[in-house]
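Per my numbering, numbering of the sequence shown is gapless, rising by one per residue and ending at 1735. Below is one structure, written out as structure tokens, with a few remarks after it.
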Amino acid sequence: MSLLLVVVFLFFSSSCSVSSNQYYVSDDCSSIIQSPCNPLSVYVLAGYMSIYHNTIYYFIGTTTIIDHVTMNVVKNVTLHGLDQSPSIHCNKEANSISLHYSDHVTISNLSFSCSLEFDSSNDITITNSTFASSGYGKLILSDTFDVKISSVIFTEYNLYIGYIPLPSCRSELLHYSLILTNVTFTTGAALFLEMNHGSTYNVSIIFNQVEYCYTNNLKFFLGGLFYFLIANSSFQDNNDISGFPIEFNLYSKSSDCTYPGTQLTSTLVIKESQVTNNSQGLKIVSKQYLLRAVNYHIIIKSCLIHDNINEGLFIDGTFMKLTQIDIIDTALIGNGGNKIMNNNATSLSNVTVANSTSTGLSLTSSLVTIKDNFIFINNTGVVGGGLAINDSSRLMVSSSANFEFIDNHASYKGGGIYAEESTHSDIKLMTPNIPLTLINNTAGLAGDDMYGIFDMADNNQFQLTNPNISSTGNPIFMCFCDPHATTTYENCINASNQCIYPGQALKFNVALLSHNYFGKNTPTDSTVQVYDNDTNFLLNQTHIPNTCSLIEYTPKLTQTGCLVSTSPLLTTTHRYAILYFTVKKCPIGFRLDKSQVSCTCSQSVSRENVTCDINSLNITHNGLLWIGAYDTSTLFNANATNPKACIINEDCLLYCSPNPVTFKLNDTHTQCVDNRGHRMCGSCTEGYSLLMGSNKCEQCHNNYTMIAWIALFAVMGILLVVLLIALNLTVSVGTLNGLLFYANIVKLYEPVFSRKGALPVLSQVISWINLDFGFEICFYNGMDSYVKQWLQFAFPLYLWIIIIIIIQLCRRYGKISRLMGSHAVPVLSTLFLLSYTKLVRTIVIVLHKREVTLHCKNESVRSVSLWYEDPNVEYAKGKHAGLFGFALLVSVFFVIPYTLFLLLNRFYEKYLSNFKVFKKFWSRFKPIIDAYSGPMKDEYRFWPGLLLVARIPVLLSVTLVDSFIQSQHFLLSMLLTVLVTVLSLGYCFGGVYKKRMNNVLEVWFLFNLCIMIILFVALNENGKLSDMKCYDALIKKFFKKQDKDDEPLLDVTESHLTVDQQKRAMVPSSTDVRRCASRESVVDLF
């Protein structure tokens, strides 16, 4: 091996004399005509690259390095590529080329994929070359001076430049240089510059036309003595990192050299460059204090910093507060924001800030001087749209300055300028009348143009080009105000003492006032704090806007006063006010819950699903319940604590809302439906009247319609009597008993069987048979249940009077008697039977009583009797006493005798008619009895009376029930029991009528009612069936008839019946006749 090296050495020695230190390098020398030509490994193996100076190596094609290449102490060595694409390639990541302690080394026209390192070398030139690798390649310049790099491209390749201090200080200051010209760092490349040399020497660095984009990392660590010029360069499209970060450091703190007579200055100049489309733009920070012996100066001139996601310009001078920073002729456009922090020597001259999305420029703990134009256009932010001055910052404005703020917006306050008054941040003018333009700036809450700028002497204010500006600041005093006043600051009022209940919020309206730019009062926003007046303990704090705003606070029972104050921002005697209040006893319907220290539902109101809110005095329950005061004759005050007030808390199934309701005790109408109100929703509210034909309350618009209705009903009564006489529609025929029983039952059970879609004509026929109107009318304005019940008695009595007059006329005038024939008495009997059900129901309604429990304030509980139909009327007292007495008279003198006479007529005739006392009486009433019993077999003359008795349990159950929905099964069971009993008796008797047709017809009516009940329960428990629909369904089942065009038997859509629908059958003439198709014609049935 030694012999081989000697041979190679002799070969190169002889070749050098021939080629004058020029060598050719190629992995394929067979195609190279120049000589000497060898692969690089041959030169390295011979060690020739480290021992000869003044040598040029020409690289042709691709040269592959299979091991480390080291060149030590060489001078005037050039590596040059001859071919169009000469390259040096490393087959391993660890392979590299190293030059140590070398001078005057030039690399040109080469492409490197492997690492290249210079250490302790001088005068290095790299030009027209490309450095590209897969991320592991790097060019290292360690303590390498006077370096020139030009026309070089770095791709996925890292450039490391580092300076370390000399071992000792020199007597004279040494100067070195680093120049990068037309250098591009692109995809995946990185640049690291570390200057840790202290003041042992000075480095002059020039970056000219350096383009840095789509790179992995860029770090400038600056320190020591330097002059660093960055010109005509761009730093862009680095979305994950800062586009241009500069950090001042002091790792060489021990190398602090001084040079007598020499001023040590380090200057960073960035000019005519762009920083764009980065995560963060130009970032200048320091993490350590800089060398005291060196004056640092930063100049940013004629630069464009735009469209960076976060800050475009970010300067943090925490450890370089006195470092002079000059920003000149620079535009900050479209950045997330711009910040200058912790620096007291920054100057701005001819700077434009536009289209920022998070405040145009924020100053934090900084002193900034404005020397020329300072323009803010279309910036947005939260606090401060254009300029925000925070944390004791101060903006000094020189005489040559010019301010412009146009179209800036802050979502909170300070659309144009915001100054944080709490830290005494402000603007100081060096001379007065400096131009300030404020145009079309807006703020979401306060200070469209300026916020916090007002404390300026008259001799150094701005010269406003637009005097109509909006400005305000932090509050300097506060006052209680009227929220309905148009100008808050002119309507401060004295707060009156308030009275509240335990647990109730103390409410007061407060306005905060500040001075605007001109020194006048203007509303502003801030936080209002509430303190205990005795202990000065903070109780509550609320932020209010720049309007007269409501503050709510719930005090403790022991408090009697509170101190209302703004946040401790300024020292002033007008920033607080004392508000006194009194805590009263809980109002009616509430009681004190000591555990909650609040008023809750009292015992009289409390029950399941009932809640009480002391703040609003609202009571809430789930419906079908009525809570209110017993005495509704006078206006009830829910705030009162009247010890005599009594509360009603009762179930209410008739006219109360089935849905959850919220109400106050002085407004209980909310619990009612159908325009009803007052006690337990028993009557119509003011302006509404009860309708004839239903239980609805409506407004009556014409007071003269009553005359027309009276005339119409009078004529209808006469026509009804004439019709009965002319058609001989009387009970003496024997066909009407079953029909009238059927019509009475159907009318009584209409709320149970009826459904939407019934025929209105058939429903009216049923109503007329029951002496109902069959339609809704407003009889007169102000009609109530009391008058309505009188009218129920009036119409049947009117019909009786007509026929009695006709009977008397027949006795006196023969012509009339011949004209009437024998129909007069049967007609009277028929009218008695028609009126029977109506009168009995009216009597039951009049006599129906409800016991209501009263819970009084003094904790006493007593019961009171009210009329069920209208609980506003006391039972059997006052005006109800007359109605009550008349109902008893009708019962005693008509209902009871009439029922007994029809039921026990055979007993009277057989056993009592022979007595002289009863003989005359019986002779007068026997024609009426005969009209009923004439069609009957002699042994069954009691049958009409039995049908009357059968009506009574059905009538009572329907009339007295509270809810047809809840009692539906009970009502159907009651009706079915009566029907089965009547049918059974008729079957046992083998027919009670003389004529077979009358027996068949009556059984048909009774059987039809049974069918309705059975199908209603079997097919749809909650549905509404008409009688003929049920019958039709039964026929279809018997004959298996299919009819696709028929309507469905059941309305499967379940709906909650309204109160009026449930109660419509309570009073015959008050029945809410449903205009629907659920009733078949009586004539059709017959």
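C-beta: ideal position from N, C-alpha, C; glycine also. Computed from a predicted structure; not experimentally measured.
Query: Beta carbon of residue 1114 nearer than 8 Å to that of residue 1091; Result: no
Query: Assigned secondary structure, residue 729 (DSSP; H/G/I helix, E/B strand, else coil); Result: strand
Query: Rounded Cβ spacing between residue 670 and residue 703 (contact assumed at less than 8 Å); Result: 5 Å
Query: Distance CB(residue 924)-CB(residue 884) smaller than 8 Å; Result: yes
Query: Among 1385, 936, 1355, 675, nearest to residue 1649 - alpha-carbon criterion; Result: 1385
Query: Test item: CB-CB of residue 1489 and residue 1604 under 8 Å; Result: yes
Query: Nonlocal neighbours in the same chain, by C-beta distance under 7 Å from residue 1500, ignoring five residues either side; Result: 1512, 1514
Query: Exposure of residue 821, with buried meaning 16 or more beta-carbon neighbours within 10 Å; Result: exposed
Query: Beta strand (DSSP E) runs wholly inside the segment 777-823, at least 3 long, in chain order; Result: 787-791, 794-804, 807-812
Query: For residue 1030: DSSP bridge partner residues; Result: 1059
Query: Residue range of the unbroken alpha helix (DSSP H) whose run includes residue 1374; Result: 1354-1376
Query: Assigned exposure category for residue 1412 - 16 Cβ within 10 Å defines buried; Result: buried
Query: Distance, residue 1343 Cα to residue 1392 Cα; Result: 18 Å
Query: Neighbourhood of residue 772 by C-beta distance below 6 Å, restricted to the same chain and skipping five residues each side; Result: 752, 753, 795
Query: Boundaries of the alpha helix (DSSP H) in which residue 1461 is found, first to last residue; Result: 1434-1461
Query: Inter-stretch contact (C-beta, 8 Å, three-pair minimum) for the segment 1292-1312 and the segment 1269-1277; Result: yes
Query: Other residues of its chain near residue 1709: CB distance less than 7 Å, five sequence neighbours each side excluded; Result: Caution applies to residue 1709, whose pLDDT of 43 falls short of 50 and renders its modelled position unreliable; the value that the coordinates give is listed next. Counting only Cβ-Cβ distances below 7 Å, and skipping sequence neighbours, we find 1323, 1343, 1344, 1345, 1721.
Query: Candidates 1083, 1177, 1162, 1397, of which the one nearest residue 1171 by Cα; Result: 1162
Query: Environment of residue 687 [buried if 16+ CB atoms lie within 10 Å]; Result: buried
Query: Beta-carbon proximity of residue 865 to residue 837, cut-off 8 Å; Result: yes
Query: contact_flag[the segment 1057-1070, the segment 1031-1049] where n(CB pairs < 8 Å) is 3 or more; Result: yes
Query: Reference residue 1371; option with closest CA among 1348, 1317, 1449; Result: 1449
Query: Close beta carbons around residue 1205, own chain, < 8 Å, minus the five adjacent residues each side; Result: 1246
Query: Whole-angstrom distance between residue 1482 and residue 1419, CA atom to CA atom; Result: 10 Å
Query: Residue 817 versus residue 851 - alpha carbon distance; Result: 14 Å
Query: Buried versus exposed call for residue 932 [16 or more other C-beta atoms within 10 Å across all chains shown]; Result: buried
Query: Exposed unless 16 or more other CB atoms sit within 10 angstroms - verdict on residue 677; Result: exposed
Query: Minimum length 3: unbroken beta strand (DSSP E) runs contained in the segment 1152-1218; Result: 1155-1164, 1170-1173, 1175-1181, 1187-1193, 1198-1202, 1210-1215
Query: 8 Å Cβ cutoff met for residue 1094 and residue 1046; Result: no
Query: Beta carbon of residue 976 nearer than 8 Å to that of residue 997; Result: yes
Query: N-terminal and C-terminal residue of the alpha helix (DSSP H) that residue 1392 is part of; Result: 1385-1397
Query: Burial state of residue 912, where buried means 16 or more other Cβ atoms lie within 10 Å; Result: exposed
Query: Spatially closest choice to residue 1193 from 1157, 1186, 1182, 1020, by CA coordinates; Result: 1157
Query: Coil, strand or helix - residue 1416 by DSSP; Result: helix
Query: Straight-line Cα distance separating residue 675 from residue 706; Result: 10 Å
Query: Sequence-distant residues of the same chain with beta carbon closer than 6 Å to residue 1173, five excluded per side; Result: 1095, 1121, 1124, 1161, 1163, 1195
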